[in-house]
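To keep things clear, I will list the structure first and then write my remarks on it.
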Amino acid sequence: MRRVVVAAAVMAAVQGAQAADMPEYGALRGALVDTPRGVVNWQGFYVGGQAGTGASDMDFTDSTRGVASSLLVNTAVESVLGVSSWPVLGKSSSHGQGWGGFAGYNAQWDDVVLGIEANYMHGSFGGSMSGSMRRQIVSNGVNYGAIYGANASINVHDVGSARLRAGWAVGNFLPYAFGGVALGQADIVQSATIIGTDAGGTWRLSGSQIQNGHFIYGYSGGLGIDMMVYRGLFVRAEWEYQKFAAPINTSVSTVRAGVGYKF
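See below:
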C-alpha cells in the first residue's frame, strides 16, 4: 500500500512540473475566463514591437491640377486648351520598410477573442512622378500653345491604425481579422510649370505647393496570426492594407513580423 501511495505522489509531482513549463493556458493560470482544455488564455492587455515591408500605390493623375489652375486663372490659354485638366501624371508604385509597435486589450469567451488595438509604424512609404504634355491650336487666327510640366511626390513617414480585432483561439494560435481607422503623416510636394503662347507672345509660369507633416486619414483592414510561445510571450505575422484620403490618392500594403507580451 505504501508503494502505491509513493508512486501516486511521484506521478503528481511530475505532472505538476510539466504543467509549469506549458504555455499560458487558462486553467493553469487561474484565468478570468474558462477557456476550453488546450486553448491559450488570450484575455488581458498586451504590448509588442514589429517591423515590416510593403508597397505603396499612388495615383498622381490630378495631383497638380490645383496648382496649374491657380497659375492659369483668367488666361486665354486655359480657356482655349484647358491645360490644367491635362493628364500629365499617372499612377506609380514603390516599396518601403518600417518599424514600430502595438498595444491592445483582448476579451475572451471560450475560444472567441475580441479586442481593440493601437498599431504604429515609422518608415518610408510613397513615391514621386514627373511628366509633361504639349498641345497647340489655332483659334480665330491666333496661335495658342502650351507646354505643361508637372512633378508630384508623397513620402508617408508615419502610419498607424486604431482597430477592432476578432479572432478564434486554436491551441497556441490566434488567427484574427481586423478593421479600423488609418492615420498618418506625410510630406507632399506638388509643382507645375507652364510655358504658354497666345496673342501676347510666349510666357512662362511656375508654382508649387509644399505640405510637410501633413495629416492624412482613411481606413485599414487586414489579417494576422499570433502564436503563444511561453508564458505570455507571443510572436506575430500580419498583413495590413491602408487607404488614405490624401491630396495624392495613396494606399499602403504591408506585411509585418512582431513579438509581444500579454500581461
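FYI, in mature numbering (1 follows the signal peptide of the UniProt record, and there is no 0) the residues of the sequence shown are -19 to -1, 1 to 244. All C-beta atoms in this analysis are idealised placements derived from N, C-alpha and C, irrespective of residue type, glycine included. Here the structure is a predicted model, which means the values were calculated and not measured.
Could you tell me which residues DSSP pairs with residue i in its beta bridges?
{"i": "I206", "result": "P156, A218"}
{"i": "T231", "result": "M39, F225"}
{"i": "H103", "result": "W80, D139"}
{"i": "D168", "result": "N136"}
{"i": "T183", "result": "T178"}
{"i": "L145", "result": "I97, G160"}
{"i": "S113", "result": "G130"}
{"i": "G199", "result": "A163, F225"}
{"i": "T193", "result": "It is worth fixing the name first, because residue 193 is Asn in this sequence and not Thr. Partner(s): none; N193 has no beta bridge."}
{"i": "F244", "result": "Answer is none; F244 lacks a bridge partner."}
{"i": "V151", "result": "F154"}
When burial is assigned at 16 or more other CB atoms within 10 Å of the CB, is residue i buried or exposed?
{"i": "L204", "result": "exposed"}
{"i": "T231", "result": "buried"}
{"i": "T174", "result": "buried"}
{"i": "I191", "result": "exposed"}
{"i": "F196", "result": "exposed"}
{"i": "N132", "result": "buried"}
{"i": "Q(-5)", "result": "With a pLDDT of only 40 at Q(-5), under the threshold of 50, the placement of this residue in the model should not be trusted, and no figure is reported."}
{"i": "A227", "result": "buried"}
{"i": "W67", "result": "buried"}
{"i": "V123", "result": "exposed"}
{"i": "R217", "result": "buried"}
{"i": "V21", "result": "buried"}
{"i": "G177", "result": "buried"}
{"i": "Y242", "result": "exposed"}
{"i": "S201", "result": "buried"}
According to the Cβ coordinates, are residue i and residue j closer than 8 Å?
{"i": "G118", "j": "L52", "result": "Gly is not the amino acid found at residue 118; the sequence shown has Ile there. Cβ atoms of I118 and L52: not closer than 8 Å."}
{"i": "G25", "j": "F244", "result": "yes"}
{"i": "D179", "j": "A99", "result": "no"}
{"i": "V28", "j": "V137", "result": "no"}
{"i": "A238", "j": "A32", "result": "yes"}
{"i": "V140", "j": "G112", "result": "no"}
{"i": "S50", "j": "S65", "result": "yes"}
{"i": "V94", "j": "G148", "result": "yes"}
{"i": "S75", "j": "G107", "result": "yes"}
{"i": "G161", "j": "S142", "result": "yes"}
Based on Cα-Cα distance, which residue from the options lies nearest to residue i?
{"i": "V235", "options": "N22, I191, Q78", "result": "According to the sequence shown, residue 235 is Thr rather than Val. Nearest C-alpha to T235: Q78."}
{"i": "S189", "options": "S44, G19, M39", "result": "S44"}
{"i": "G104", "options": "S37, N153, Y198", "result": "S37"}
{"i": "S134", "options": "S50, S73, V123", "result": "S73"}
{"i": "D40", "options": "A143, S65, K224", "result": "K224"}
{"i": "A163", "options": "F154, T183, Y222, G213", "result": "Y222"}
{"i": "Y86", "options": "I229, L145, S120", "result": "L145"}
{"i": "D91", "options": "Y125, G71, Y129, G152", "result": "G152"}
Taking only runs of the beta strand (DSSP E) that begin and end inside the region 38 to 76, which ones reach a length of at least 3 residues, in chain order? none
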